[in-house]
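Inspection log for the structure reproduced underneath, given as C-alpha cells.
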Amino acid sequence: MITFSETTRTFYLDTSNSSYVIRILENGAIAHSYYGARIPHEDLSYYNMFRPIVFSAVHEIGGQQISPETIMQEYPTFGRGDYRIPAVTVQGKDGSNVNELHYAWHRILEGKPLMDAMPQLDVDTESVQTLELVLRDAVTGFEAVLYYTPFEESDVIARRTVLRSIAQEPIMVRNACSASFDLETGDFDMITLRGSWGRERYVERYPLHQGVSAIDSRRGASSHELNPFAALVDKDTNEHMGQAYGLSLVYSGDFKITAEVDPFASVRVQIGLNPETFSWKLEPGEILETPEALLTYTQAGLNGMSQNFHRACRNHLGKCADRSLKHPVLINSWEAMYFDFDDQKMIQFVKDCAGLGIDTVVMDDGWFGHRDDDHSSLGDWFIYDRKLPTGLTGIINACHENGINFGIWFEPEMISRDSKLYAAHPDWCIHVPEREGVESRCQRILDMSRPEVVDCIYEQMAKILETYDISYVKWDMNRHMTDNGSAALPVDRQSEMGYRYIRGVYSLIARLEKRFPHVFFEGCSGGGGRFDFGILYYMPQIWTSDDSDAVERLKIQYGTSFVYPPSAIVAHVSACPNHQSGRTTSIDTRANVAQGFSLGYEFDVGKLSQQERDAIKAQIQKHRELENLVNLGDFYRLRSPFTSDYCAWQLVSQDRMQSFVMFAWKTSYVQPAPQYLKLRGLDPEKQYRIPQLNIVRSGAVLMNVGVALQEPGMTDYPSLTLDLIAQ
Ligand code: DGJ
Numbered sequence: 001m002i003t004f005s006e007t008t009r010t011f012y013l014d015t016s017n018s019s020y021v022i023r024i025l026e027n028g029a030i031a032h033s034y035y036g037a038r039i040p041h042e043d044l045s046y047y048n049m050f051r052p053i054v055f056s057a058v059h060e061i062g063g064q065q066i067s068p069e070t071i072m073q074e075y076p077t078f079g080r081g082d083y084r085i086p087a088v089t090v091q092g093k094d095g096s097n098v099n100e101l102h103y104a105w106h107r108i109l110e111g112k113p114l115m116d117a118m119p120q121l122d123v124d125t126e127s128v129q130t131l132e133l134v135l136r137d138a139v140t141g142f143e144a145v146l147y148y149t150p151f152e153e154s155d156v157i158a159r160r161t162v163l164r165s166i167a168q169e170p171i172m173v174r175n176a177c178s179a180s181f182d183l184e185t186g187d188f189d190m191i192t193l194r195g196s197w198g199r200e201r202y203v204e205r206y207p208l209h210q211g212v213s214a215i216d217s218r219r220g221a222s223s224h225e226l227n228p229f230a231a232l233v234d235k236d237t238n239e240h241m242g243q244a245y246g247l248s249l250v251y252s253g254d255f256k257i258t259a260e261v262d263p264f265a266s267v268r269v270q271i272g273l274n275p276e277t278f279s280w281k282l283e284p285g286e287i288l289e290t291p292e293a294l295l296t297y298t299q300a301g302l303n304g305m306s307q308n309f310h311r312a313c314r315n316h317l318g319k320c321a322d323r324s325l326k327h328p329v330l331i332n333s334w335e336a337m338y339f340d341f342d343d344q345k346m347i348q349f350v351k352d353c354a355g356l357g358i359d360t361v362v363m364d365d366g367w368f369g370h371r372d373d374d375h376s377s378l379g380d381w382f383i384y385d386r387k388l389p390t391g392l393t394g395i396i397n398a399c400h401e402n403g404i405n406f407g408i409w410f411e412p413e414m415i416s417r418d419s420k421l422y423a424a425h426p427d428w429c430i431h432v433p434e435r436e437g438v439e440s441r442c443q444r445i446l447d448m449s450r451p452e453v454v455d456c457i458y459e460q461m462a463k464i465l466e467t468y469d470i471s472y473v474k475w476d477m478n479r480h481m482t483d484n485g486s487a488a489l490p491v492d493r494q495s496e497m498g499y500r501y502i503r504g505v506y507s508l509i510a511r512l513e514k515r516f517p518h519v520f521f522e523g524c525s526g527g528g529g530r531f532d533f534g535i536l537y538y539m540p541q542i543w544t545s546d547d548s549d550a551v552e553r554l555k556i557q558y559g560t561s562f563v564y565p566p567s568a569i570v571a572h573v574s575a576c577p578n579h580q581s582g583r584t585t586s587i588d589t590r591a592n593v594a595q596g597f598s599l600g601y602e603f604d605v606g607k608l609s610q611q612e613r614d615a616i617k618a619q620i621q622k623h624r625e626l627e628n629l630v631n632l633g634d635f636y637r638l639r640s641p642f643t644s645d646y647c648a649w650q651l652v653s654q655d656r657m658q659s660f661v662m663f664a665w666k667t668s669y670v671q672p673a674p675q676y677l678k679l680r681g682l683d684p685e686k687q688y689r690i691p692q693l694n695i696v697r698s699g700a701v702l703m704n705v706g707v708a709l710q711e712p713g714m715t716d717y718p719s720l721t722l723d724l725i726a727q
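In the numbering used here, the protein residues as written are 1 to 727.
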C-alpha cells in the first residue's frame, strides 16, 4: 500500500511487516526518512537533518542552513555538497558531472508498469500499487523517474529507475543506480555470497567501516565470484532472529552493490549496473531503463530474509511463478561421457536409464558442428554427423520407447574460431579493433548486443527445436568477457555493449520461449556463474555448481538458499570418487544432500550395481513425495556448514502438515555426542510423526526441545533425513 501525506509531503510505502518512508524537503530535495519494521503514518519531519555542518557546503532548506552531505537522501547526486557516492551521474553539455535533482511530480499507479524485454517481478496474482516519483535536473537536462512497487505478502519492494533526457543535445549517463537509500545507522555487518568456479556462493560476513564496502562484477556475467546480493544485518542477527535488509538485482551482467558509512555513521546503500564498465549516451528525448532491484526488510533473521526473496520469486518472477511447469528429474550425459559419445553410446545410456523413474535424458556438450573437444564448433548449431549419423531421431526414439523425454545442451552466446560462423563473420565476436582477442576455454563471446547476431543464433536453435521433440534445454555460458567492444557501436557508445549484450540474451531466450512454450529451460554458466533473478525469470532452475561433491555442495546449496528458492537450485547425485574433489561419499549422503532441491543425476548409469539402481529408484520416488514441498515450502537453514562441523536444513509446507529435514556430519568423530536439533516453522499444537526416529511429538516440543540425532558411526560423511507428517 502507498500513501501520500499532502501536509508533510511524505510517502509511506507499506508491506505486511515493513515501512519505507520518503519525504519531499522544502527545497524539493528528496530525503529518505525511514526503512524498517512497519510503523504508523506519523510525521517524521523531525528526523534526519540535524547534524553539524562544519566544513560543509550549505544550502538553505526551509529557512535553515543545511548541507546535502548531512541529509539522508533517496537518489543523490554529486557536485553540490554531498561527497558520498551518487546514485546517478550524468554529464551534460557543459562537460561537468555536477548534478542536482529536485522533485517534479509524482503519481500513485494501480498495478505495476512493466519494462519491455527485461526480467522483473510480474503481478498477476496480487494487486499492487506503484509510486512513480519524478525528479528533475533542468540544468544538465534529465529526469530520474523512480519506481517503487511494494509487495505485501513477501515484504519485498521492487525498485528501478528510468532516466529521461530533456536536454537539447546528447547527454552521457556515467552511472545510474537501480536503487539507493540512506539509513541512519551503519552499525551493521554486511553479508555477501562470494566464491569462484566450483565453490559458488560461500557466505561471508564482515563489519561495515567508515568508507565504502562494495562488491561487484566486471566479468560480463553476474559471476561465480560475487553474487548480485548483499544483506545488512545487526551484529546479533542470526538465522532465526534479528534485523536484516536484503538487496538483490534482477540482472545477469555487471553490477555493483555498495554500502558507504559516512563520518556520522549513517550508511548509504546502492545497487545497480556497474559504473566501471557502463555508460550510456542519451539523445534528446531518449530514455534509459535500469534493471529492477529487490529490497526486503525483516526482523525474523536471515531465514526470514531468504523466505521473503523465495516468496517474491515463486509468486511473481516469470517462469519461477508458473505453477504449470514441472521440474524434471533429469540425468545429464556430461560426467558420464564428456565429449566421448556417439548415437550408439547415447542410445545405450537412455536404455540404461529405463525403469529408474528419470523424466529426461540430457545430451550435454559435443553434439554439434564437429566438436570432439572444447576447441571448435561453438556457433555451428547443426548436428555433428560423424557422431550422430541419423541425427537425433534414434536417441529420441529410444527415449520415447522408455517413457523418457529428451533434453539438449546449447551455449548460444559463444563462438569458436574453428567454426563456420567465425569464418563467415569474424567481427561478430566481442572485440576491440587492432587488439587480438583473448581466448578463454578456447572460445570467444558473440556480440549479443547486435540484433543480427541474436537473429542468427535464434534461427539455428529454432531449427533444432522444431525438427526434434525436445522438452528441455540446458543453456550454458562458459567464459567471462574481455575485449569489451562492439563493431556495431560508435566510439561514444562502446561502454553500452555490456548492458545491450545482456538485453540481447534476454530477448533471445524470450523469443525461443514464446515459440517453444513446451520447452523447459535450465540456466548454467560453468556451473553457477550466472545464478541470479535475471536468469531465473526465464529459466526456473539453474545448475548450481560444477562441483557435484556432496560435502562441497553443503556449503554451496546453503549459501545459494540465502536468496534463491530450493526449486531453483539444481542438485545432482554424481559418481564417486567425485570427479571434482576425488572424495567418496555414500550414495545415501549424495542423495540426502540433493533431496529438497531440483533433483538430477550425473553419471554413467550403465556402471551401476543393482543395489545402486534400487537406491536411485527409491530416491526418485521420494523426490516425487517431496516435490510440492520443494516447490512451495518454506526453507529454514538450521546448522551452518561454514561455522560448524554439521549442516542441517528443513522444508515446511505452507499448511505446516509436512516437513523434511536433512542433517549431515562433515567430520566423523569417535564417540560422537548426539546432536540436538531444534526444528522450525512447525505448528506447536500439531503432533508430528517422524518414521525414521519412530516417534510422535508435538511441534512445540520439536521446536523447543528438538530431536536427538546420533551419528551413524564407522563411516565418512554420514547424513540422515527426517520426514515429519502431521497427524
Ligand atoms: C559447464 C557446465 O557447467 C557443465 O555441466 C557442462 O555442461 C560443460 N559446461 C560442458 O561444456
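Ideal Cβ placement from N, Cα and C applies to all residues, glycine included.
Handout entry: Cβ neighbour criterion (16 or more within 10 Å) applied to N303
Key = Reading the sequence shown from its first residue, position 303 is the one you call residue 303. N303 is buried by the Cβ-count criterion.
Problem - Where the beta strand (DSSP E) containing W280 begins and where it ends - result: Position 280 of the sequence shown, counted from the start, is the residue given in the question as residue 280. That run of the beta strand (DSSP E) goes W280 to L282.
Practice task
Taking 8 Å as the cut-off, decide whether the C-beta atoms of G559 and R201 are in contact.
Solution key: For this step, residue 559 is matched to residue 559 along the sequence shown. For this step, residue 201 is matched to residue 201 along the sequence shown. It is a contact, given that the beta carbons lie within the stated cut-off.
Practice task
Return the first residue and the last residue of the beta strand (DSSP E) that Y499 is part of.
Solution key: Counting from one through the sequence shown, the residue named residue 499 turns up at place 499. Counting along the chain, Y499 falls outside any beta strand (DSSP E), though it belongs to the alpha helix (DSSP H) covering M497 to R515.
Practice task
Tell me, please, whether the segment 159-178 touches the segment 271-284 by the rule of three or more beta-carbon pairs shorter than 8 Å.
Solution key: yes
Handout entry: Cut-off 6 Å between Cβ atoms - residues of its own chain near I457, not counting five sequence neighbours on either side
Key = Residue mapping note: residue 457 aligns to position 457 of the sequence shown, counting from 1. These residues qualify, in order along the chain: P412.
Problem - N-terminal and C-terminal residue of the alpha helix (DSSP H) that Q611 is part of - result: Working through the sequence shown from its first residue, we reach residue 611 at position 611. Start and end: Q610 to L632.
Problem - P684 and L554 closer than 8 Å at C-beta - result: Here residue 684 corresponds to residue number 684 of the sequence shown, with the count starting at 1. Here residue 554 corresponds to residue number 554 of the sequence shown, with the count starting at 1. Going by C-beta atoms, P684 is not nearer than 8 Å to L554.
Practice task
Could you work out which residue in V652, D547, V432 and V505 is closest to R493 when comparing CA atoms only?
Solution key: By one-based count along the sequence shown, residue 493 stands at place 493. For the residues V652, D547, V432 and V505, the minimum Cα distance to R493 belongs to V432.
Handout entry: Near the ligand DGJ: G369 beta-carbon under 7 Å from a heavy atom
Key = Here residue 369 corresponds to residue number 369 of the sequence shown, with the count starting at 1. No - the ligand DGJ has no heavy atom lying nearer than 7 Å to the Cβ of G369.
Handout entry: heavy atom of the ligand DGJ below 7 Å from N578 C-beta
Key = Counting from 1 along the sequence shown, the entry for residue 578 is found at position 578. Flag unset: Cβ of N578 not near the ligand DGJ.
Problem - Rounded separation between A594 and E552 - CA only - result: Translated into positions along the sequence shown, residue 594 becomes position 594. Translated into positions along the sequence shown, residue 552 becomes position 552. Rounded to the nearest angstrom, the two C-alpha atoms are 12 Å apart.
Problem - For E42 and V134, the rounded distance between their alpha carbons - result: Taking the first residue of the sequence shown as position 1, residue 134 is located at position 134. Taking the first residue of the sequence shown as position 1, residue 42 is located at position 42. If you take the alpha carbons of V134 and E42, they lie about 24 Å apart.
Exercise for the section: Report yes or no: do the segment 183-202 and the segment 97-114 share at least 3 C-beta pairs separated by less than 8 Å? Expected result: no
Handout entry: Straight-line gap, Q120 to R164 (C-alpha atoms, nearest Å)
Key = Here residue 120 is taken as the residue at index 120 of the sequence shown, counted from 1. Here residue 164 is taken as the residue at index 164 of the sequence shown, counted from 1. About 20 Å.
Handout entry: For I430, the nearest candidate out of K514, L693, V123 and L489 (CA to CA)
Key = The residue you call residue 430 lines up with position 430 of the sequence shown. Nearest option by C-alpha distance: L489.
Practice task
Jot down the residue ranges of each uninterrupted alpha helix (DSSP H) in the segment 210-246, minimum 4 residues, whole runs only, in chain order.
Solution key: none
Handout entry: Backbone secondary structure at A424 - three-state DSSP
Key = Walking along the sequence shown from the start, residue 424 turns up at place 424. Correct three-state label for A424: helix.
Exercise for the section: Check whether the Cβ of N478 sits closer than 7 Å to any heavy atom of the ligand GTP, and report yes or no. Expected result: This structure lacks the ligand GTP; the ligands present are the ligand DGJ.
Problem - In chain order, each beta strand (DSSP E) run of at least 3 residues that lies wholly inside the segment 64-106 - result: 64-66 and 88-91
Exercise for the section: Name the two residues that bound the continuous alpha helix (DSSP H) containing W334. Expected result: What you label residue 334 is simply residue 334 of the sequence shown in a count that begins at 1. Run containing W334: W334 to M337, per the alpha helix (DSSP H) assignment.
Problem - Whether T390 touches V438 by CB criterion (8 Å) - result: Taking the first residue of the sequence shown as 1, we reach residue 390 at position 390. Taking the first residue of the sequence shown as 1, we reach residue 438 at position 438. For T390 and V438, no; Cβs fall outside 8 Å.
Practice task
Using the DSSP secondary-structure output, state which residues sit across from A700 in a beta bridge.
Solution key: The count along the sequence shown starts at 1 and reaches residue 700 at position 700. Per DSSP, none; premise fails for A700.
Problem - Helix, strand or coil at T161 according to DSSP, with G and I counted as helix - result: In the sequence shown, counting from the first residue as 1, residue 161 sits at position 161. DSSP places T161 in strand when its eight states are reduced to three.
Problem - Residue interval of the beta strand (DSSP E) (run including P150) - result: Taking the first residue of the sequence shown as position 1, residue 150 is located at position 150. Taken as a continuous stretch (DSSP letters only), the beta strand (DSSP E) holding P150 covers F142 to F151.
Handout entry: Near the ligand DGJ: D546 beta-carbon under 7 Å from a heavy atom
Key = By one-based count along the sequence shown, residue 546 stands at place 546. D546 Cβ: within cutoff of the ligand DGJ.
Practice task
Run through the segment 324-377 for me and flag every whole alpha helix (DSSP H) of 4 or more residues, listed as ranges in chain order.
Solution key: 334-337 and 343-353
Handout entry: Within 8 Å, strictly: CB atoms of N592 and S719
Key = Within the sequence shown, numbered from 1, the residue matching residue 592 stands at position 592. Within the sequence shown, numbered from 1, the residue matching residue 719 stands at position 719. Yes, Cβ-Cβ distance for N592 and S719 is below 8 Å.
Exercise for the section: Pick helix, strand or coil for S248, following the three-state DSSP scheme. Expected result: Looking up residue 248 in the sequence shown gives position 248. Correct three-state label for S248: strand.
Exercise for the section: Would you check if there are 3 or more beta carbon pairs closer than 8 Å linking the segment 711-726 to the segment 659-674? Expected result: yes
Handout entry: Backbone CA spacing between L446 and Y384 [nearest angstrom]
Key = Residue numbering aside, residue 446 sits at position 446 when the sequence shown is read from its first letter. Residue numbering aside, residue 384 sits at position 384 when the sequence shown is read from its first letter. C-alpha separation (whole angstroms): 21 Å.
Exercise for the section: Give a yes or no on whether the minimum CB-CB distance between I464 and chain C is below 8 Å. Expected result: Absence of chain C from the displayed structure is noted, only one protein chain being present.
Exercise for the section: Please list the segments of the beta strand (DSSP E) lying wholly inside the segment 378-411, counting only runs of 3 or more residues, in order along the chain. Expected result: 405-410
Exercise for the section: Check whether the Cβ of D365 sits closer than 7 Å to any heavy atom of the ligand DGJ, and report yes or no. Expected result: For the purposes of this step, residue 365 is taken as residue 365 along the sequence shown, with counting starting at 1. Yes; taking the cut-off as 7 Å, the Cβ of D365 has a heavy atom of the ligand DGJ nearer than that.
Problem - Unbroken alpha helix (DSSP H) run spanning P170, endpoints - result: Walking along the sequence shown from the start, residue 170 turns up at place 170. Element bounds for P170: n/a, residue is neither H nor E.
Handout entry: Distance CB(V570)-CB(F597) smaller than 8 Å
Key = Taking the sequence shown and counting its residues from 1, one reaches residue 570 at position 570. Taking the sequence shown and counting its residues from 1, one reaches residue 597 at position 597. Cβ atoms of V570 and F597: closer than 8 Å.
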